[in-house]
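Chemist: If you're matching them up, the sequences are chains A and B in order. Heads up: the first sequence at position 164 corresponds to 165 in our numbering, and the numbers run straight through without jumps. Heads up: the second sequence at position 101 corresponds to 212 in our numbering, and the numbers run straight through without jumps. Each residue gets a CB set at the ideal place from its N, CA and C atoms; glycine is no exception. Bear in mind the structure is a predicted one, so any value in this text is a computation, not a measurement. This is the structure I want to talk about, given as structure tokens.
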Amino acid sequence: MSEFSRVKGPIAVGFVCAMLVFINYFVKVPAISTSVSILRNNTILISAFAMILGAVNLIQVNYRYYTTKRSGLWMFGPLYIVLFPVLAYAGLMRLPVYTYFYNNIALPISVAISAFIGFFIAQGMYRTLRVKNYESFLIIASTFLVMLRKVPIGGVIWSGFVPIGNWLLMVFGVGGVRALIIVFGFGVISIGIRTVLGYERTQLGILDEEGD
Amino acid sequence: MLKEGTLATFFTLIALMVTYIYFVSRVRKGFVPELRPFAAIEALEEQVGRAVEMGRPVHFTTGASAAVTHARFSAVLSGLKILSYLVELCVKKGADIIVSEASATVFPIAQEIVRSAYQRLGILEKFTTETVQYVGGQYKGRIVGNLERYNVATNIYVGSIGATAWMIGEVAARIGATQIAGTPNDSNMVVLIATSDYTLLGDEQYAAGATLSGKPSDLASVLTFDYFKLLTIALMLLVFISTMFGNSWIANILRL
Chain A
2 MSEFSRVKGP IAVGFVCAML VFINYFVKVP AISTSVSILR NNTILISAFA
52 MILGAVNLIQ VNYRYYTTKR SGLWMFGPLY IVLFPVLAYA GLMRLPVYTY
102 FYNNIALPIS VAISAFIGFF IAQGMYRTLR VKNYESFLII ASTFLVMLRK
152 VPIGGVIWSG FVPIGNWLLM VFGVGGVRAL IIVFGFGVIS IGIRTVLGYE
202 RTQLGILDEE GD
Chain B
112 MLKEGTLATF FTLIALMVTY IYFVSRVRKG FVPELRPFAA IEALEEQVGR
162 AVEMGRPVHF TTGASAAVTH ARFSAVLSGL KILSYLVELC VKKGADIIVS
212 EASATVFPIA QEIVRSAYQR LGILEKFTTE TVQYVGGQYK GRIVGNLERY
262 NVATNIYVGS IGATAWMIGE VAARIGATQI AGTPNDSNMV VLIATSDYTL
312 LGDEQYAAGA TLSGKPSDLA SVLTFDYFKL LTIALMLLVF ISTMFGNSWI
362 ANILRL
């Protein structure tokens, strides 16, 4: 692949697209607004094409699990390879079997996995919330105070838990979060400016040493 | 000409770009800024060495899927910068690496980064379809599955991270894997602090990429944004004090 099609071309396209989005943010020009909405729709199209690459990789990985008898769940490899085209066809043809599989298998599994997070939180809290030093004591003490503010029994035990919890959340919590939002914003802008000016090449899959 | 309420943003953006270009040229001329080392980045080499000694692979993920148009995508990009360093480290030290990617758009980029590193170091035959895996929308189950299936020694989790960090962090702890994690997402940082051995918090994740690559463009961005952070703090104090004394002209200028 030539240098232009691999590096310079994508950077030039990125620059033009970014400039259109910038101009659209600051100036009201109907033609640019239309171009930007077309660009935004195209990102959905590109994502859809990228999904095909992902699907091919999933089939390859599952086939490899089966052929190498990868320890664990290798027996699900062939099941995936058989079910994938069947469900893809059913989904494209809008057959009821697709909805049936989704509502009765995929959705309950997804909900169950998400529900596990509650147990992982409890496990994680037990593992990590230990008083090791003065700082960890402060964190644990404030955690309990905020927790007592939230649970109904906290207010019953002592009415002071609610204002103390609120104070911790609104003064320290909000202050810290706002500071983080500002620095996150700076991080996003830094990546944006580097990308627009062509200095950032990670999005092209190019290793750092090759840039600059 | 400009839309209402965008004047201050416009001039800030221009000032940022000009300052950035100035620092790029300054760094290229030989100015070397002193950067604070990050414990999480310094631990990468040690953790890869640990993985080699244990004969177990290193796992990397950028976490939840992020649309290209979303601000979270920048976190994924900075995660990929760390991946490009990590994969070279793994290849040089002889550790296997497994990358789980939830975003379909980022998946080919991650694949290209890893494949190029393998090719450059002459071990392309070791790059298989399992090296970089697309884990799709239900990424949490697949990532946890990969941690267990490959019995990883270290899990590196830098990018767009959601509440599933609890699940991934706890499974990593259960299988005896160390975890290095980073996110700029304020609501999930606390999870990473609780579950990880090393963390990159807030904009540390963006600066970490710069310390790794050492490229003038990366170093210049750290310099530019450090100065702008100081400027922001100064402006906040100025607005606070002037508003306290009943003068709101600075606040009004910023709203223009």
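Looking at B/I125: is its Cβ nearer than 8 Å to the Cβ of B/G320?
Modeler: Here residue 125 of chain B is taken as the residue at index 14 of the second sequence, counted from 1. Here residue 320 of chain B is taken as the residue at index 209 of the second sequence, counted from 1. Not closer than 8 Å, so no.
Chemist: Can at least three beta-carbon pairs, one atom from the region 238–255 of chain B and one from the region 290–299 of chain B, be found at a separation below 8 Å?
Modeler: At 8 Å Cβ cutoff, the stretches do not touch.
Chemist: Distance check for A/G10 and A/T203, CA to CA, integer angstroms please.
Modeler: For the purposes of this step, residue 203 of chain A is taken as residue 202 along the first sequence, with counting starting at 1. For the purposes of this step, residue 10 of chain A is taken as residue 9 along the first sequence, with counting starting at 1. Cα to Cα, the separation comes out at about 15 Å.
Chemist: I'd like to know whether the C-beta of A/G212 is nearer than 8 Å to at least one C-beta of chain B.
Modeler: Position 211 of the first sequence, counting from 1, holds the residue named residue 212 of chain A. Because the pLDDT of A/G212 is 48, which lies under 50, any placement of that residue in the model is unreliable, and the number read from its coordinates should be weighed accordingly. Cβ-Cβ to chain B under 8 Å: yes for A/G212.
Chemist: Shorter than 8 Å from the beta carbon of A/A142 to some beta carbon of chain B?
Modeler: The count along the first sequence starts at 1 and reaches residue 142 of chain A at position 141. Cβ-Cβ to chain B under 8 Å: no for A/A142.
Chemist: In three-state DSSP terms, what is A/G212?
Modeler: By 1-based counting over the first sequence, the position of residue 212 of chain A is 211. Low per-residue confidence applies at A/G212: pLDDT is 48, beneath 50, and the placement is therefore not dependable, though the value from the model is reported in the following sentence. Reduced to three states, the DSSP call for A/G212 is coil.
Chemist: Find out if the Cβ-Cβ distance for the pair B/V302, B/G280 is shorter than 8 Å.
Modeler: For this step, residue 302 of chain B is matched to residue 191 along the second sequence. For this step, residue 280 of chain B is matched to residue 169 along the second sequence. Their beta carbons are under 8 Å apart, which means B/V302 touches B/G280 by this criterion.
Chemist: When you compare the region 162–170 of chain B with the region 260–274 of chain B, are there three or more beta-carbon pairs, one atom per stretch, that lie closer than 8 Å?
Modeler: At 8 Å Cβ cutoff, the stretches touch.
Chemist: State the Cα-Cα distance for the pair A/V157 and B/Q290, rounded to the nearest angstrom.
Modeler: In the first sequence, counting from the first residue as 1, residue 157 of chain A sits at position 156. In the second sequence, counting from the first residue as 1, residue 290 of chain B sits at position 179. Rounded to whole angstroms, A/V157 to B/Q290 spans 40 Å at the Cα level.
Chemist: Note down the Cα distance separating A/R7 from A/A19, rounded to an integer number of angstroms.
Modeler: As a first step, residue 7 of chain A is located in the first sequence; it is residue number 6 there, counting from the start. As a first step, residue 19 of chain A is located in the first sequence; it is residue number 18 there, counting from the start. Looking at the two C-alpha atoms, the distance is approximately 19 Å.
Chemist: Check each residue of the region 41–66 of chain A: if its Cβ is closer than 7 Å to any Cβ of chain B, include it; give the result in chain order.
Modeler: Going along the region 41–66 of chain A in chain order, one finds R41, T44, I47, S48, A51, M52, L54, G55, N58, L59, Q61, V62, R65 with a Cβ nearer than 7 Å to chain B.
Chemist: On a Cα-Cα basis, can you pick out the residue from B/C201, B/S307, B/V135 that is closest to B/A162?
Modeler: What you label residue 162 of chain B is simply residue 51 of the second sequence in a count that begins at 1. Ranking the options by Cα distance to B/A162, first place goes to B/C201.
Chemist: Could you give the residue range of the beta strand (DSSP E) that holds B/G57?
Modeler: Residue numbering for chain B in the displayed model covers 112 to 367; residue 57 of chain B lies beyond these limits and cannot be assessed.
Chemist: Which residue from B/E212, B/Y229, B/V282, B/A119 puts its Cα closest to that of B/K204?
Modeler: Position 93 of the second sequence, counted from the start, is the residue given in the question as residue 204 of chain B. Comparing Cα positions, the closest option is B/Y229.
Chemist: Classify A/G212: buried if its beta carbon has 16 or more other beta carbons within 10 angstroms, exposed otherwise.
Modeler: The sequence position of residue 212 of chain A within the first sequence is 211, counting from 1. With a pLDDT of 48 at A/G212, under the threshold of 50, the modelled position of that residue is not reliable, and no figure is offered here.
Chemist: Is it right to say B/V210 is buried, meaning 16 or more other beta carbons lie within 10 angstroms of its own, or is it exposed?
Modeler: Residue 210 of chain B sits at position 99 when you count from the first residue of the second sequence. It is buried - the Cβ of B/V210 has at least 16 other Cβ atoms within 10 Å.
Chemist: Mark B/E236 as exposed unless 16 or more other C-beta atoms lie within 10 angstroms of its C-beta, in which case mark it buried.
Modeler: Locating residue 236 of chain B in the second sequence gives position 125, where the first residue counts as 1. That one is exposed.
Chemist: Drop a sphere of 10 angstroms on the beta-carbon of A/E210, count the other beta-carbons inside from all chains shown, and report buried for 16 or more, exposed for fewer.
Modeler: Along the first sequence, read from residue 1 onward, the residue named residue 210 of chain A stands at position 209. Because the pLDDT at A/E210 is just 49, under 50, the model does not fix this residue reliably, and the point stays unresolved.
Chemist: Of the choices B/V246, B/G247, B/Y268, B/R285, whose alpha-carbon is the least far from that of B/I304?
Modeler: In the second sequence, the residue the question calls residue 304 of chain B occupies position 193. It is B/Y268 whose Cα lies nearest to the Cα of B/I304.
Chemist: Just to check, is the beta-carbon of A/A13 closer than 7 Å to a non-hydrogen atom of the ligand SAH?
Modeler: Of the ligands one can find in the structure shown there are none, so the ligand SAH has no counterpart to examine.
Chemist: Check whether the region 317–335 of chain B touches the region 134–147 of chain B, taking contact to mean three or more Cβ pairs, one atom from each stretch, closer than 8 Å.
Modeler: Taking 8 Å as the limit for Cβ pairs, the verdict is that the region 134–147 of chain B does touch the region 317–335 of chain B.
Chemist: Considering only their Cβ atoms, is the gap separating B/A151 from B/G293 smaller than 8 Å?
Modeler: Position 182 of the second sequence, counting from 1, holds the residue named residue 293 of chain B. Position 40 of the second sequence, counting from 1, holds the residue named residue 151 of chain B. Taking 8 Å as the Cβ cut-off, B/G293 and B/A151 qualify as a contacting pair.
Chemist: Between which two residues does the beta strand (DSSP E) carrying B/F171 extend?
Modeler: As a working note, residue 171 of chain B is residue 60 in the second sequence. Taken as a continuous stretch (DSSP letters only), the beta strand (DSSP E) holding B/F171 covers 169–174.
Chemist: According to DSSP, is A/S3 part of a helix, a strand, or is it coil?
Modeler: As a working mapping, residue 3 of chain A is identified with position 2 in the first sequence. If DSSP states are grouped into helix, strand and coil, A/S3 belongs with coil.
Chemist: Got a sec, what are the start and stop residues for the alpha helix (DSSP H) B/Y317 sits in?
Modeler: Sequence index remark: in the second sequence, residue 317 of chain B carries index 206 (1-based). From DSSP, the alpha helix (DSSP H) with B/Y317 extends over 315–324.
Chemist: Rounded to a whole number of angstroms, what is the C-alpha to C-alpha distance between B/E153 and B/Y309?
Modeler: Counting from one through the second sequence, the residue named residue 153 of chain B turns up at place 42. Counting from one through the second sequence, the residue named residue 309 of chain B turns up at place 198. When rounded, the distance between both Cα atoms is 10 Å.
Chemist: Anything in the region 167–192 of chain A with a Cβ closer than 7 Å to a Cβ of chain B? List those residues in chain order, please.
Modeler: So the close ones are V178, L181, I182, I183, V184, F185, F187, G188, V189, I190, S191, I192.
Chemist: I'd like the span of the beta strand (DSSP E) that includes B/L303, first residue to last.
Modeler: Position 192 of the second sequence, counted from the first residue, corresponds to residue 303 of chain B. Run containing B/L303: none in the beta strand (DSSP E); it sits in the alpha helix (DSSP H), 300–306.
Chemist: On the CB-based measure, 16 or more other CB atoms within 10 Å of its CB, does B/T239 come out buried or exposed?
Modeler: Here residue 239 of chain B refers to the residue found at position 128 when the second sequence is read from its first residue. Answer is exposed; the Cβ neighbour count stays below 16.
Chemist: Tell me which residue opens and which closes the alpha helix (DSSP H) that B/S211 is part of.
Modeler: Translated into the one-based positions of the second sequence, residue 211 of chain B becomes position 100. Looking at the DSSP string, B/S211 is not in any alpha helix (DSSP H); the run it does join, the beta strand (DSSP E), is 208–212.
Chemist: For A/R95 and B/Y338, what's the separation of their Cα atoms in angstroms?
Modeler: Stepping through the first sequence from its first residue, residue 95 of chain A is reached at position 94. Stepping through the second sequence from its first residue, residue 338 of chain B is reached at position 227. A/R95 and B/Y338: Cα-Cα distance of roughly 56 Å.
Chemist: Using alpha carbons as the reference points, say which of B/G256, B/V243, B/G233, B/Q244 lies closest to A/I114.
Modeler: Locating residue 114 of chain A in the first sequence gives position 113, counting from the first residue. If we check each option's Cα against that of A/I114, B/G256 comes out closest.
Chemist: Measuring CA to CA, which of B/S195, B/L197, B/T173, B/Y196 is closest to B/A186?
Modeler: Position 75 of the second sequence, counted from the first residue, corresponds to residue 186 of chain B. B/A186 has its Cα closest to that of B/T173, out of B/S195, B/L197, B/T173, B/Y196.
Chemist: Count the other C-beta atoms from every protein chain shown that fall within 10 angstroms of the C-beta of B/I272, then say buried if there are 16 or more, exposed otherwise.
Modeler: Your numbering for residue 272 of chain B matches position 161 in the second sequence. Buried, since its Cβ has 16 or more Cβ neighbours within 10 Å.
Chemist: Residues of chain A with CB under 8 Å from B/L342, in chain order?
Modeler: Taking the first residue of the second sequence as position 1, residue 342 of chain B is located at position 231. Those within 8 Å of B/L342 in chain A number zero; the least Cβ separation is about 11 Å.
Chemist: Please report how far the alpha carbon of A/I154 lies from the alpha carbon of A/L130, in whole angstroms.
Modeler: As a first step, residue 154 of chain A must be located in the first sequence, where it is residue number 153. As a first step, residue 130 of chain A must be located in the first sequence, where it is residue number 129. Looking at the two C-alpha atoms, the distance is approximately 22 Å.
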